[in-house]
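Start counting the sequence shown at 263; every next residue gets the next number (the working numbering). From the three backbone atoms N, C-alpha and C, an ideal C-beta is built for every residue, glycine too.
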Amino acid sequence: MHESGVHSDDCDPQDASTCSGDLTCILRLGRHQCDCPFGSGRRNASDTCIAVNEFRLSIAIEEFAGETFEPAMFNDFPDDPNSTLFMNFLRQAIENEFNDGEGGFLSARVQKISRSGRSIRAVPIVSFNKDSNTTLEMVQGALMGAISSKNMLSRSNMKVDPSLTSAQELVCENGYCRNGGTCTPSIEDYSSNCTCVAGYEGSRCEVSRGESIAVILIPLGYALLVTIFAVSVCYCLGVIATARQRKPTSNDRHCWDRTSEDSIDYVNDPQYPMKSGLNLPNRHGGIPLGTAEKVIGTKAEELMVRPHPLATK
263 MHESGVHSDD
273 CDPQDASTCS
283 GDLTCILRLG
293 RHQCDCPFGS
303 GRRNASDTCI
313 AVNEFRLSIA
323 IEEFAGETFE
333 PAMFNDFPDD
343 PNSTLFMNFL
353 RQAIENEFND
363 GEGGFLSARV
373 QKISRSGRSI
383 RAVPIVSFNK
393 DSNTTLEMVQ
403 GALMGAISSK
413 NMLSRSNMKV
423 DPSLTSAQEL
433 VCENGYCRNG
443 GTCTPSIEDY
453 SSNCTCVAGY
463 EGSRCEVSRG
473 ESIAVILIPL
483 GYALLVTIFA
493 VSVCYCLGVI
503 ATARQRKPTS
513 NDRHCWDRTS
523 EDSIDYVNDP
533 QYPMKSGLNL
543 PNRHGGIPLG
553 TAEKVIGTKA
563 EELMVRPHPL
573 ATK
């Protein structure tokens, strides 16, 4: 049951003259309609817009009760939840729960409706006079208090799911957007939405762009240092392993690998060919004992008769 056509409050967003007085053209539930601008509201269509606090609710409707108040299946109700009939029905049900003549309640409207299986998810907006100082906790308490033990809204024939029914927020509460940001309700579900000034970002303009860049660069720099360290360690371990596996060659001989001079056999070692005993090392200024017999010829005779240097002292 869907009612279509032109409504009395339809408007053209490009033509401000289509809304009279202090009303403005607002997109709601797929159509533009004349209503009080954000932050203001009215009880009746003929009233002047006044400053209000708007609270966004979330209600999950599971079933409707029949004349005997026995649960009835949802699909017994009109198939189109966006119909004017259903919208008015739901709006009236919400108003009945909050309009007790006290507390500064002004009005209720439905911002969004969607199906979820065999139930309906509704996003009502309830307005209270700003001077009433109504808080989110007060609205939440009133909503939960209206749900009976059988999960029925006390002043309606709707059965709801309490776990999915709550007061979500005071829309654009004072100070919601930080650092000079501007808050306006989103078109889709009327949730608080911030427009940030230059240099800030985030859902509530709480992040400086310089800080966000630093948050990104610091982990990247740390990761780079760790990578460089890991590569350096792997390289050093590889060099050490290669050095241990390589066999030493004659070119690898070092000073500490040389044989002690005292253990060299200058006579019999083929590395030291001798033509005469005069080529033998002389470390004490004389002729080493046991080597004269190796010298032959005239030189041998001279050596045999030459006195030892120590014998002349």
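Return helix, strand or coil for residue i, following the three-state DSSP convention.
| i | result |
| --- | --- |
| K392 | helix |
| T496 | Note that residue 496 is Cys in the sequence shown, not Thr. Three-state result, C496: helix. |
| V401 | helix |
| A460 | coil |
| S279 | helix |
| L482 | helix |
| E324 | strand |
| L487 | helix |
| N350 | helix |
| N358 | helix |
Going by C-alpha to C-alpha distance, which of the options sits closest to residue i?
| i | options | result |
| --- | --- | --- |
| V372 | P424, E316, V469 | E316 |
| H294 | D451, E435, C273 | C273 |
| A404 | K392, V493, R417 | R417 |
| V314 | S394, N358, R506 | S394 |
| E435 | A460, L398, P481 | L398 |
| S282 | L487, F300, C311 | C311 |
| G366 | E450, N455, G303 | G303 |
| L291 | D451, A505, C496, G483 | D451 |
| G379 | S428, G483, E325, G443 | E325 |
| L352 | E364, A370, D423 | A370 |
| R440 | D297, L347, N455, A307 | N455 |
| I449 | Q276, V385, S308 | V385 |
| G443 | S470, E357, S428 | S470 |
| E468 | I387, T286, I409, G437 | G437 |
| D309 | G500, L347, D284, K412 | D284 |
Around the Cβ of residue i, are there at least 16 other Cβ atoms within 10 angstroms (buried) or fewer (exposed)?
| i | result |
| --- | --- |
| M420 | buried |
| M335 | Residue confidence is low: M335 scores 46 on pLDDT, short of 50, so the model does not pin down where it sits. No coordinate-derived value is stated. |
| I321 | buried |
| Y462 | buried |
| R377 | exposed |
Where does the unbroken alpha helix (DSSP H) through residue i begin, and where does it stop?
| i | result |
| --- | --- |
| L368 | Not the alpha helix (DSSP H): L368 falls in the beta strand (DSSP E), residues 367-378. |
Please report the residue range of the beta strand (DSSP E) in which residue i lies.
| i | result |
| --- | --- |
| C445 | 444-447 |
Where in the segment 400-439 do unbroken runs of the beta strand (DSSP E), each at least 3 residues long, occur, reported from the N-terminal end onward? With a minimum length of 3 residues, the continuous beta strand (DSSP E) runs that stay inside the segment 400-439 are 420-422, 428-432.
What are the start and end residues of each continuous beta strand (DSSP E) run of 3 or more residues lying completely inside the segment 288-316, in chain order? Whole beta strand (DSSP E) segments, 3+ residues: 293-297.
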